[in-house]
Amino acid sequence: NAGVTQTPKFRILKIGQSMTLQCAQDMNHNYMYWYRQDPGMGLKLIYYSVGAGITDKGEVPNGYNVSRSTTEDFPLRLELAAPSQTSVYFCASSDHRGYEQYFGPGTRLTVT
Amino acid sequence: DAKTTQPPSMDCAEGRAANLPCNHSTISGNEYVYWYRQIHSQGPQYIIHGLKNNETNEMASLIITEDRKSSTLILPHATLRDTAVYYCIVRARSDFGNEKLTFGTGTRLTIIP
Numbered sequence: 012n013a014g015v016t017q018t019p020k021f022r023i024l025k026i027g028q029s030m031t032l033q034c035a036q037d038m039n040h041n042y043m044y045w046y047r048q049d050p051g052m053g054l055k056l057i058y059y060s061v062g063a064g065i066t067d068k069g070e071v072p073n074g075y076n077v078s079r080s081t082t083e084d085f086p087l088r089l090e091l092a093a094p095s096q097t098s099v100y101f102c103a104s105s106d107h108r109g110y111e112q113y114f115g116p117g118t119r120l121t122v123t
Numbered sequence: 537d538a539k540t541t542q543p544p545s546m547d548c549a550e551g552r553a554a555n556l557p558c559n560h561s562t563i564s565g566n567e568y569v570y571w572y573r574q575i576h577s578q579g580p581q582y583i584i585h586g587l588k589n590n591e592t593n594e595m596a597s598l599i600i601t602e603d604r605k606s607s608t609l610i611l612p613h614a615t616l617r618d619t620a621v622y623y624c625i626v627r628a629r630s631d632f633g634n635e636k637l638t639f640g641t642g643t644r645l646t647i648i649p
């Protein structure tokens, strides 16, 4: 199993541009999550999904959108990128028990 | 969710036991204690969790005090690869079973050769 994969690894965006961060898991997990981590800080939940077609907001959803059309994929969309969205983005998934979340390697995004 | 307090940093000699404390004095009866770690810039890694009994797995042991107001994560024989930021998280189980974890700033553990 590849586990949780994220693309791209790095990206530089100009202010106002848009992009989609990709996340995929091959563990047949129902639950998927997007977090962001600012320098020197802990992770904050952006959005999460409990299954295909179902998403909900986390702690810091503003400026982001998500969709969950399949069990495997959970892309995160940034519209009108702002410098405040400069961060490292982690995707995670867990099974129905939810005890252990498996994290991807992260996407380092810089908005200038 | 209950708030946790951890020391910002700790050192431990290689081969010794690393004991990482966590205070969660406002924990409620249905809240679990989770520990994750983050090595350098990688994604966090689950270590262990518990409700009120002590727990042990292949990575670590979790000791929860009887009043559940604090806990200690124990890495029995620390190696250089255990250098990481360790997060203590307290969270109630949701109705769905999924865990919306809230990460604080954790404890930066440095293993000294």
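Which chain is which? The protein sequence lines are A and B, in order.
Its first residue numbered 12, the first sequence is counted upward by one per residue in my numbering.
Its first residue numbered 537, the second sequence is counted upward by one per residue in my numbering.
Ideal Cβ placement from N, Cα and C applies to all residues, glycine included.
Boundaries of the beta strand (DSSP E) in which residue i is found, first to last residue
i	result
A/GLY62	54-62
B/GLU567	567-574
A/LEU24	21-24
A/LEU120	118-122
A/THR18	15-18
Residue(s) in a DSSP beta bridge with residue i
i	result
B/GLU591	B/LEU598
A/PHE101	A/TYR46
A/LYS68	A/TYR58
B/ALA549	B/ILE648
B/LEU611	B/ALA554
A/PHE85	Paired residue(s): none; A/PHE85 is not in a bridge.
Reduced DSSP category for residue i - H, G, I as helix; E, B as strand; rest coil
i	result
A/ARG108	coil
B/ASP603	coil
A/GLN33	strand
B/LEU556	strand
A/ARG79	coil
A/LEU91	coil
B/GLN542	coil
B/LEU616	helix
B/GLN578	coil
A/GLN96	helix
B/GLY586	strand
B/THR638	coil
B/ILE698	Any question about residue 698 of chain B goes unanswered here, given that chain B covers just 537 to 649.
Proximal chain B residues relative to residue i, where beta-carbon distance stays under 7 Å
i	result
A/PHE85	Within chain B, no residue comes near A/PHE85; the closest Cβ sits about 13 Å away, beyond 7 Å.
Under 8 Å from the C-beta of residue i: neighbouring residues of chain B
i	result
A/PRO116	GLN578 and GLY579
A/VAL77	Per Cβ cutoff of 8 Å: no residues; A/VAL77 is ~14 Å from chain B at best.
A/VAL122	Result: empty, since nearest Cβ-Cβ is about 18 Å, beyond 8 Å.
Distance between residue j and residue i (C-alpha atoms, nearest Å)
i	j	result
A/THR31	A/HIS40	21 Å
A/ASN12	B/SER561	40 Å
B/LEU616	A/LEU91	42 Å
A/CYS34	A/CYS102	6 Å
B/ASP618	B/LEU598	16 Å
A/GLY51	A/ALA63	33 Å
B/THR646	B/HIS613	13 Å
B/PRO544	B/CYS624	12 Å
A/PRO94	A/THR121	7 Å
A/TYR143	A/SER105	Chain A is shown from 12 up to 123; residue 143 of chain A falls before or after that span and cannot be answered.
A/SER60	B/PRO557	32 Å
A/SER29	B/MET595	41 Å
A/TYR44	A/VAL99	14 Å
A/GLU83	A/THR18	14 Å
A/ARG79	B/ILE600	38 Å
A/LEU56	A/HIS107	19 Å
Chain A residues whose Cβ lies nearer than 9 Å to that of residue i
i	result
B/LEU637	TYR44, TYR46, LEU54, LEU56, ALA103 and GLN112
Partner residues on chain B for residue i, Cβ-Cβ distance less than 9 Å
i	result
A/VAL71	Residues of chain B passing the Cβ test: none, with the nearest at roughly 11 Å.
Proximal chain A residues relative to residue i, where beta-carbon distance stays under 7 Å
i	result
B/THR641	MET52 and GLY53
B/HIS585	TYR110
B/TYR582	GLU111 and GLN112
B/TYR622	Those do not exist, as B/TYR622 stays about 11 Å from chain A at its closest Cβ, beyond 7 Å.
Residues that residue i contacts on chain A, provided the C-beta gap is smaller than 8 Å
i	result
B/HIS560	What B/HIS560 touches in chain A: nothing, since even the nearest Cβ is about 15 Å away.
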